[in-house]
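Numbering (our numbering), first residue to last: 5 to 308.
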Amino acid sequence: MNTIKDLLSNTPIDKTDARVLLGHLLEQCLGWPRSALISRDQEHLSESLISQWRTLEEGRLQGQPVAYLIGKKGFHGIELMVSPAVLIPRPETELLVDFAIEEIGRRLSHSHESVELKVLDLGTGSGAIALALAHALRESHQNTLKIEVLGIDASNDAISLARENARALDLHPGVQFMQSDWFTELPKGWLGSFDLILSNPPYIDPSDPHLQEGDLRFEPRKALTDEHDGLQCIRLILDQCQDFLKGDGLIALEHGYDQAEPVRTLMNQVGLSAVESWPDLAGHMRISVGRSVGHMGPKNPITK
Numbered sequence: 005m006n007t008i009k010d011l012l013s014n015t016p017i018d019k020t021d022a023r024v025l026l027g028h029l030l031e032q033c034l035g036w037p038r039s040a041l042i043s044r045d046q047e048h049l050s051e052s053l054i055s056q057w058r059t060l061e062e063g064r065l066q067g068q069p070v071a072y073l074i075g076k077k078g079f080h081g082i083e084l085m086v087s088p089a090v091l092i093p094r095p096e097t098e099l100l101v102d103f104a105i106e107e108i109g110r111r112l113s114h115s116h117e118s119v120e121l122k123v124l125d126l127g128t129g130s131g132a133i134a135l136a137l138a139h140a141l142r143e144s145h146q147n148t149l150k151i152e153v154l155g156i157d158a159s160n161d162a163i164s165l166a167r168e169n170a171r172a173l174d175l176h177p178g179v180q181f182m183q184s185d186w187f188t189e190l191p192k193g194w195l196g197s198f199d200l201i202l203s204n205p206p207y208i209d210p211s212d213p214h215l216q217e218g219d220l221r222f223e224p225r226k227a228l229t230d231e232h233d234g235l236q237c238i239r240l241i242l243d244q245c246q247d248f249l250k251g252d253g254l255i256a257l258e259h260g261y262d263q264a265e266p267v268r269t270l271m272n273q274v275g276l277s278a279v280e281s282w283p284d285l286a287g288h289m290r291i292s293v294g295r296s297v298g299h300m301g302p303k304n305p306i307t308k
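1) Look at the alpha carbon of Ser13 and the alpha carbon of Arg23, and state the distance between them as a whole number of angstroms.
2) Taking the C-alpha atoms as reference points, what is the distance between Pro302 and Gly75?
3) Identify which residue in Leu25, Lys122, Arg94, Glu61 has its Cα closest to the Cα of Glu107.
4) How many whole angstroms separate the CB atoms of Leu124 and Ile201, which I take to be in contact at a CB cut-off of 8 angstroms?
5) Do you know how far the Cα of Trp57 is from the Cα of Leu26?
6) Which residue marks the beginning of the alpha helix (DSSP H) containing Leu165, and which one marks its end?
7) Just the C-alpha distance for Arg38 and Glu47, rounded to the nearest angstrom, thanks.
8) In angstroms with no decimal places, state the Cα-to-Cα distance between Asp233 and Gly81.
9) Assuming Phe79 is part of the alpha helix (DSSP H), what are its boundary residues?
10) Note down, in chain order, each residue of its chain lying with its Cβ closer than 8 angstroms to the Cβ of Leu270, except the 5 sequence neighbours on either side.
11) Please identify the residue among Asn6, Gly251, Ala227, Val274 whose C-alpha is closest to the C-alpha of Glu258.
12) In angstroms with no decimal places, state the Cα-to-Cα distance between Ser184 and Gly196.
13) Using alpha carbons as the reference points, say which of Lys77, Arg167, Leu165, Ile54 lies closest to Leu34.
14) Hey, Gly155 and Ala166: beta-carbon distance below 7 angstroms or not?
15) Going by C-alpha to C-alpha distance, which of Ser277, Asp262, Glu265 sits closest to Ile255?
16) Count the other C-beta atoms from every protein chain shown that fall within 10 angstroms of the C-beta of Gly294, then say buried if there are 16 or more, exposed otherwise.
17) Helix, strand or coil: how does DSSP classify Ser115 here?
18) Three Cβ pairs or more, each shorter than 8 angstroms: is that satisfied between the region 206 to 214 and the region 187 to 194?
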């Protein structure tokens with residue numbers, strides 16, 4: 005009962021999860037490719053390796069996310085290191101990256117010269133949004149675009165991990181990270197300097213039962229909920245975003261499937277223009293965007 009086939013046939017965890025976990029273990033310990041799960045399924049494994057497998061298996065039985073157990077997660081064409089200090093990147097957040105790529109592509113199409121842009125990623129976590137955007141643009145617009153991306157997060161552990169990911173992807177120094185509670189630590193010299201602000205802020209209502217289910221039980225609660233109404237962090241961001249956006253800059257926020265209307269209302273309330281929402285693949289409005297109208301005097305604060 006110590007072959008690859010035995011372990012996969014007799015595991016009590018989901019078979020897809022089991023293949024991911026065991027494939028990761030074989031790669032890490034033996035240097036075998038994922039295909040070894042099939043091509044070498046009659047191989048007898050050492051007691052040491054089986055012991056490590058049992059640890060992973062037990063972790064999954066307890067509900068620990070696969071991404072945390074193997075320490076990595078794919079996102080928008082890149083692989084990121086993840087830990088319980090950060091949210092696990094999710095497919096719906098890729099829509100935020102897609103929006104940014106499309107917006108930047110529009111700007112490039114209207115220019116006959118090389119374009120310089122600055123992007124701010126608020127609540128960067130593992131650096132997923134910042135790094136996926138920089139990676140995609142490096143591949144497609146290397147000769148026509150100079151882009152600087154700054155990711156900020158209140159968590160020191162998150163910033164350390166994001167920097168590791170930037171180095172692993174060879175995206176440093178074009179992508180930088182710093183610790184800040186939203187805009188609080190940003191220098192005054194950066195006022196009015198960003199072309200695009202992106203954020204996947206904590207937006208889950210603290211009473212939502214999903215917080216006690218699945219992977220969410222193991223993810224950092226502060227990155228999931230504002231402990232208020234799911235809109236408090238969005239209010240804080242919108243209150244200050246135009247101070248840091250250029251006159252024609254854009255902000256794009258991910259939010260819950262049922263929050264598009266209140267988020268658009270908040271955007272309109274602070275004076276953003278061209279406010280609209282974008283749907284995900286399921287048709288739910290998951291991203292709302294607004295355009296800065298420049299510095300037009302005092303705005304109406306919406307923070308409660």
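All residues carry an ideal CB built from backbone N, CA and C; glycine is no exception.
So, from the data block:
1) If you number the sequence shown from 1, residue 13 lands on position 9. If you number the sequence shown from 1, residue 23 lands on position 19. Each residue's CA atom was taken as its position, placing Ser13 and Arg23 some 10 angstroms apart.
2) Residue mapping note: residue 302 aligns to position 298 of the sequence shown, counting from 1. Residue mapping note: residue 75 aligns to position 71 of the sequence shown, counting from 1. Because Pro302 sits at a pLDDT of 41, beneath the cut-off of 50, its placement in the model cannot be relied upon, and the following sentence gives the value as read from the coordinates. Pro302 and Gly75 have their alpha carbons spaced roughly 46 angstroms apart.
3) Taking the sequence shown and counting its residues from 1, one reaches residue 107 at position 103. Among Leu25, Lys122, Arg94, Glu61, the Cα nearest to that of Glu107 is on Lys122.
4) On the sequence shown, position 120 is the one that residue 124 refers to. On the sequence shown, position 197 is the one that residue 201 refers to. Yes, they are in contact, since the Cβ atoms of Leu124 and Ile201 sit about 5 angstroms apart, within 8 angstroms.
5) Against the sequence shown, residue 26 aligns to sequence position 22. Against the sequence shown, residue 57 aligns to sequence position 53. The alpha-carbon of Leu26 is positioned some 7 angstroms away from that of Trp57.
6) In the sequence shown, counting from the first residue as 1, residue 165 sits at position 161. Looking at the DSSP string, the run of the alpha helix (DSSP H) that includes Leu165 is 160 to 172.
7) By one-based count along the sequence shown, residue 38 stands at place 34. By one-based count along the sequence shown, residue 47 stands at place 43. If you draw a straight line from the Cα of Arg38 to the Cα of Glu47, it is about 14 angstroms long.
8) Mapped onto the sequence shown, residue 233 falls at position 229. Mapped onto the sequence shown, residue 81 falls at position 77. Between Asp233 and Gly81, the C-alpha separation is close to 33 angstroms.
9) Locating residue 79 in the sequence shown gives position 75, counting from the first residue. Looking at the DSSP string, Phe79 is not in any alpha helix (DSSP H); the run it does join, the beta strand (DSSP E), is 76 to 79.
10) For the purposes of this step, residue 270 is identified with residue 266 of the sequence shown, where counting begins at 1. The residues are Leu235, Ile238, Arg239, Leu242, Ile306.
11) Translated into the one-based positions of the sequence shown, residue 258 becomes position 254. Ranking Asn6, Gly251, Ala227, Val274 by Cα distance to Glu258 puts Ala227 first.
12) Numbered from its first residue, the sequence shown carries residue 184 at position 180. Numbered from its first residue, the sequence shown carries residue 196 at position 192. Taking the CA atoms as reference points, Ser184 sits about 18 angstroms from Gly196.
13) Numbered from its first residue, the sequence shown carries residue 34 at position 30. Leu34 has its Cα closest to that of Ile54, out of Lys77, Arg167, Leu165, Ile54.
14) Counting from 1 along the sequence shown, the entry for residue 155 is found at position 151. Counting from 1 along the sequence shown, the entry for residue 166 is found at position 162. Yes, the pair counts as a contact, with Cβ atoms nearer than the cut-off.
15) Counting from one through the sequence shown, the residue named residue 255 turns up at place 251. Put simply, of Ser277, Asp262, Glu265 the residue whose alpha carbon is nearest the alpha carbon of Ile255 is Ser277.
16) By 1-based counting over the sequence shown, the position of residue 294 is 290. Label assigned to Gly294: buried.
17) Within the sequence shown, the letter at position 111 stands for residue 115. Looking at Ser115 - three-state DSSP - the assignment turns out to be coil, as it is neither helix nor strand.
18) The answer is no - the region 187 to 194 does not touch the region 206 to 214, with fewer than three Cβ pairs under 8 angstroms.
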